[in-house]
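Line by line, the protein sequences are chains E and X. Note that our numbering numbers the first sequence so that position 34 is 34, with each residue one more than the last. Note that our numbering numbers the second sequence so that position 183 is 1183, with each residue one more than the last. Where is the CB? At the ideal position from N, CA and C, for every residue including glycine. Given the structure is predicted, the values throughout are model-derived calculations rather than measurements. To start, the structure under review is shown below, and the notes come after it.
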Amino acid sequence: MRSTKIMTTLLAGVVLVAARPLAAHHSAAMFDDTKVVELSGTVKALQWTNPHVWLQVVVEDQGRATEWSFEGGSPNSLSRQGWRSTTFKPGDVVTVRLRPMKDGTAAGQFIGARFDTDGHTIGRWE
Amino acid sequence: MPRPVSAVRLAALALALGGAALTVDAARAQPAVALPDWSGVWAMQGPTVFDGATVRPPEGRTGQPGVREFPPYNEEWEAIYRRNIELVREGSFPDPISLCGVPHGFPRIMNVPDVYEFAVTRDAVYILAENGPGIMRIYTDGRGHPPAEELWPTYTGASIGHWEGDTLVFSTISLKGASGNDVIVDRTGLVLSDASRATTRMRKLDDSTIEARMKIEDDKALTRPWQVTKRYLKQPPGTWAWDYSCGENNRNPVSASGKTLTLGPDGKPLDRVTE
Chain E
1 MRSTKIMTTL LAGVVLVAAR PLAAHHSAAM FDDTKVVELS GTVKALQWTN
51 PHVWLQVVVE DQGRATEWSF EGGSPNSLSR QGWRSTTFKP GDVVTVRLRP
101 MKDGTAAGQF IGARFDTDGH TIGRWE
Chain X
1001 MPRPVSAVRL AALALALGGA ALTVDAARAQ PAVALPDWSG VWAMQGPTVF
1051 DGATVRPPEG RTGQPGVREF PPYNEEWEAI YRRNIELVRE GSFPDPISLC
1101 GVPHGFPRIM NVPDVYEFAV TRDAVYILAE NGPGIMRIYT DGRGHPPAEE
1151 LWPTYTGASI GHWEGDTLVF STISLKGASG NDVIVDRTGL VLSDASRATT
1201 RMRKLDDSTI EARMKIEDDK ALTRPWQVTK RYLKQPPGTW AWDYSCGENN
1251 RNPVSASGKT LTLGPDGKPL DRVTE
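This is the structure we're talking about:
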């Protein structure tokens, strides 16, 4: 586990240009689309299920470990974009880019991720 | 005791019945046109804003505060839409499909993410939406709409169609609309009433594009017909459409107040809920 690495807030306009709507089955009102945050941690699980995949990552911050839930698109659409059910494995060390929850809870809308072992990325990571 | 029937009378009866059957078949038969090839997997072009031609701001997306379209609502339904827009702004406009129990319904089925397949057969066209999943049946075997007493409002209604050259023209009636509070048109807050109906013209523009032009009428909600066009782009050969079950792992149920929750991996809400 690693400490929180970067907390970045971008201007809303910049975020919206990069945004592509996820194939969500629910409103995205709970996410703050004016912010993009990066967190580093260790993958606990990838729930490869409909209607959304969920990436569970344990993030350590000042000695305290917190499990974060990152919501992605449907496995159907993600598989057509090159994802696989094994794309994230338990123990992978990753940096995740996300739109955080407005209420500050440990969850967010997945944007992209970088694998620290070799630097390859998945999702949107411009 | 039954009367004996002569062979001649039996033959005459058979001819009469056969003739009647032929007459019905002839009436139902479609013109001998080659059905278009709509095979493959398709994806809707653009975001899930239903009427992209009128959305404001022009790059607005469903769910963003203040985004709206401009259907020709009457005063009463414009007020309903404005209330819904305020609920979207507050994050408490529930999307019925988030409950994983009801289909999108028509016309929303023409406006969903993920992919589509369009199955064209002699007697019917089936619109298969991976998301949901959703099914829309359009009968093209020459039947008419059922009589009113045989109908009841449903999510996708009753659709009959015919081919005009390469264009599928179909009429949809008997829709639930917003009557049960479990059908919306999109997440900006758009809704239609249970008096809504539509005539849709659907055709292939080129090898990679199918277009659906909907003329929506609604005597309760609209002051004039509402024209909306959606397009679908062909996906690369060999693309798969997959099973989709909304209830498989729904971590976004809707609270009693209409707020969409986010559950943790243990099934408990992560949100700071105070209700």
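Proximity of D1141 (chain X) and D1123 (chain X) at Cβ, strictly below 8 Å: Looking up residue 1141 (chain X) in the second sequence gives position 141. Looking up residue 1123 (chain X) in the second sequence gives position 123. For D1141 (chain X) and D1123 (chain X), yes; Cβs fall inside 8 Å.
Boundaries of the alpha helix (DSSP H) in which A1079 (chain X) is found, first to last residue: Counted from its first residue, the second sequence places residue 1079 (chain X) at position 79. Run containing A1079 (chain X): E1075 to E1090, per the alpha helix (DSSP H) assignment.
Buried or exposed (CB count within 10 angstroms, at least 16 for buried), S1276 (chain X): Because residue 1276 (chain X) is not part of the residues shown, which for chain X are 1001 to 1275, the question remains open.
Buried or exposed for W1240 (chain X), going by 16 or more other Cβ atoms inside 10 Å? Working through the second sequence from its first residue, we reach residue 1240 (chain X) at position 240. Under this definition W1240 (chain X) is an exposed residue.
Can you give me the Cβ contacts of I1184 (chain X) inside the same chain, cut-off strictly under 6 Å, excluding the 5 residues immediately before and after it? As a working note, residue 1184 (chain X) is residue 184 in the second sequence. Only V1191 meet the Cβ criterion.
With 8 Å as the limit, tell me which residues of the region 1143-1165 of chain X have their beta carbon closer than that to any beta carbon of chain E; keep them in chain order. none
What residues from chain X crowd round H26 (chain E), counting only those whose CB sits closer than 7 Å? Reading the first sequence from its first residue, position 26 is the one you call residue 26 (chain E). Going along chain X in sequence order, the residues near H26 (chain E) (Cβ under 7 Å) are D1095, S1098, N1252 and T1260.
Check the DSSP bridge columns for H1162 (chain X) and list the partner residues they point to. Here residue 1162 (chain X) is taken as the residue at index 162 of the second sequence, counted from 1. According to DSSP, H1162 (chain X) bridges with X:V1169.
Neighbour list for N1249 (chain X) in chain E, Cβ cutoff strictly below 8 Å: Indexing the second sequence from 1 puts residue 1249 (chain X) at position 249. The answer, in chain order, is Q47, T49, N50, P51, H52 and W54.
Classify D118 (chain E) as buried or exposed, calling it buried when 16 or more other Cβ atoms lie within 10 Å of its own Cβ. Counting from 1 along the first sequence, the entry for residue 118 (chain E) is found at position 118. Exposed: under 16 other Cβ atoms inside 10 Å.
Let me make sure I understand the geometry here. Which of X:G1105, X:K1234, X:L1168 and X:P1237 has the alpha-carbon closest to that of A1178 (chain X)? On the second sequence, position 178 is the one that residue 1178 (chain X) refers to. Ranking the options by Cα distance to A1178 (chain X), first place goes to X:G1105.
Classify R1108 (chain X) as buried or exposed, calling it buried when 16 or more other Cβ atoms lie within 10 Å of its own Cβ. Locating residue 1108 (chain X) in the second sequence gives position 108, counting from the first residue. Buried, because 16 or more other Cβ atoms sit within 10 Å of the Cβ of R1108 (chain X).
Ends of the beta strand (DSSP E) at R1061 (chain X)? Against the second sequence, residue 1061 (chain X) aligns to sequence position 61. Segment: none, R1061 (chain X) is in no beta strand (DSSP E) and carries neither H nor E.
Quick check on F1070 (chain X): buried or exposed, where buried means 16 or more other Cβ atoms within 10 Å of its Cβ? Indexing the second sequence from 1 puts residue 1070 (chain X) at position 70. Exposed.
Against chain E, with Cβ distances strictly below 8 Å, would R1272 (chain X) count as a contact? As a working note, residue 1272 (chain X) is residue 272 in the second sequence. Taking Cβ atoms only, chain E reaches closer than 8 Å to R1272 (chain X), which makes this a yes.
Taking all protein chains shown into account, decide if D1206 (chain X) is buried (16 or more other Cβ within 10 angstroms of its Cβ) or exposed. To locate residue 1206 (chain X), count along the second sequence from 1; it is residue 206. Burial call: exposed.
Among X:G1040, X:L1222 and X:A1034, nearest to P1236 (chain X) - alpha-carbon criterion: Within the second sequence, the letter at position 236 stands for residue 1236 (chain X). That would be X:G1040, whose Cα lies nearest to the Cα of P1236 (chain X).
CB-CB length for S1245 (chain X) against N76 (chain E), believed under 8 Å: For the purposes of this step, residue 1245 (chain X) is taken as residue 245 along the second sequence, with counting starting at 1. For the purposes of this step, residue 76 (chain E) is taken as residue 76 along the first sequence, with counting starting at 1. Between N76 (chain E) and S1245 (chain X) the Cβ distance is about 11 Å, and since that is not below 8 Å, they are no contact.
Determine the chain X residues that contact S85 (chain E) at a beta-carbon separation under 7 Å, and present them in chain order. On the first sequence, position 85 is the one that residue 85 (chain E) refers to. Near S85 (chain E) there are no residues of chain X at all, since even the closest Cβ is about 12 Å away, more than 7 Å.
In the structure shown, what three-state DSSP assignment does I1135 (chain X) receive? On the second sequence, position 135 is the one that residue 1135 (chain X) refers to. The answer is strand: DSSP assigns I1135 (chain X) an E or B state.
Rounded distance between the beta-carbons of K1176 (chain X) and P1153 (chain X), thought under 8 Å: Position 153 of the second sequence, counted from the first residue, corresponds to residue 1153 (chain X). Position 176 of the second sequence, counted from the first residue, corresponds to residue 1176 (chain X). Their Cβ separation, rounded to whole angstroms, is 4 Å, which keeps P1153 (chain X) and K1176 (chain X) in contact under 8 Å.
Could you spell out the range, first to last residue, of the alpha helix (DSSP H) harbouring S77 (chain E)? Residue mapping note: residue 77 (chain E) aligns to position 77 of the first sequence, counting from 1. From DSSP, the alpha helix (DSSP H) with S77 (chain E) extends over P75 to R80.
Closer than 8 Å to chain X by CB, T105 (chain E): For the purposes of this step, residue 105 (chain E) is identified with residue 105 of the first sequence, where counting begins at 1. True, the Cβ-Cβ gap to chain X drops below 8 Å.
Applying a beta-carbon distance threshold of less than 7 Å, which residues of chain E neighbour T1188 (chain X)? Here residue 1188 (chain X) refers to the residue found at position 188 of the second sequence. Residues of chain E passing the Cβ test: none, with the nearest at roughly 11 Å.
Within 10 Å of its beta-carbon, does T1262 (chain X) have 16 or more other beta-carbons around it, so buried, or fewer, so exposed? As a working note, residue 1262 (chain X) is residue 262 in the second sequence. Per the 10 Å Cβ criterion, buried.
Quick one: list the residues of chain E neighbouring S1245 (chain X), beta-carbon separation under 7 Å, in chain order. For the purposes of this step, residue 1245 (chain X) is taken as the residue at position 245 of the second sequence. Ordered by position in chain E, the residues that pass the 7 Å Cβ test against S1245 (chain X) are N50.
Check whether the Cβ of R80 (chain E) lies closer than 8 Å to any Cβ atom in chain X. Mapped onto the first sequence, residue 80 (chain E) falls at position 80. Yes, R80 (chain E) counts as interfacial toward chain X.
Start and end of the beta strand (DSSP E) containing R1222 (chain X)? Counted from its first residue, the second sequence places residue 1222 (chain X) at position 222. According to the sequence provided, residue 1222 (chain X) is Leu. The question's Arg does not apply to it. That residue, L1222 (chain X), is in no beta strand (DSSP E); it is neither H nor E in DSSP.
In chain order, what residues of the same chain lie with their CB nearer than 7 Å to the CB of P1036 (chain X), ignoring the 5 residues before and after it? Residue 1036 (chain X) sits at position 36 when you count from the first residue of the second sequence. Answer for P1036 (chain X): V1120, D1166 and K1204, listed in chain order.
Identify, in the order they occur along the chain, each residue of the same chain with its Cβ nearer than 6 Å to the Cβ of K1234 (chain X), setting aside the five sequence neighbours on each side. Numbered from its first residue, the second sequence carries residue 1234 (chain X) at position 234. So the qualifying residues of the chain are G1040, W1042 and S1208.
Using a Cβ-Cβ cut-off of less than 9 Å, list which residues of the region 1051-1079 of chain X approach chain E; keep chain order. E1059, R1061, T1062, G1063, Q1064 and P1065
Find the residues of chain X that neighbour A129 (chain E), judging by a C-beta separation of less than 7 Å, and give them in chain order. Examination of residue 129 (chain E) is not possible in this model, given that chain E is present from 1 through 126 alone.
Around the Cβ of I1138 (chain X), are there at least 16 other Cβ atoms within 10 angstroms (buried) or fewer (exposed)? As a first step, residue 1138 (chain X) must be located in the second sequence, where it is residue number 138. Flag for I1138 (chain X) reads buried.
Since G1063 (chain X) contacts S27 (chain E) with CB under 8 Å, what's their CB separation in whole angstroms? Position 63 of the second sequence, counted from the first residue, corresponds to residue 1063 (chain X). Position 27 of the first sequence, counted from the first residue, corresponds to residue 27 (chain E). Contact flag correct, Cβ pair sits at about 5 Å.
Let me make sure I understand the geometry here. Which of X:I1160, X:L1087 and X:A1221 has the alpha-carbon closest to that of S1196 (chain X)? In the second sequence, counting from the first residue as 1, residue 1196 (chain X) sits at position 196. Out of X:I1160, X:L1087 and X:A1221, X:A1221 has the C-alpha closest to the C-alpha of S1196 (chain X).
Proximal chain E residues relative to G1264 (chain X), where beta-carbon distance stays under 7 Å: Here the question's residue 1264 (chain X) lines up with position 264 in the second sequence. The answer, in chain order, is S69.
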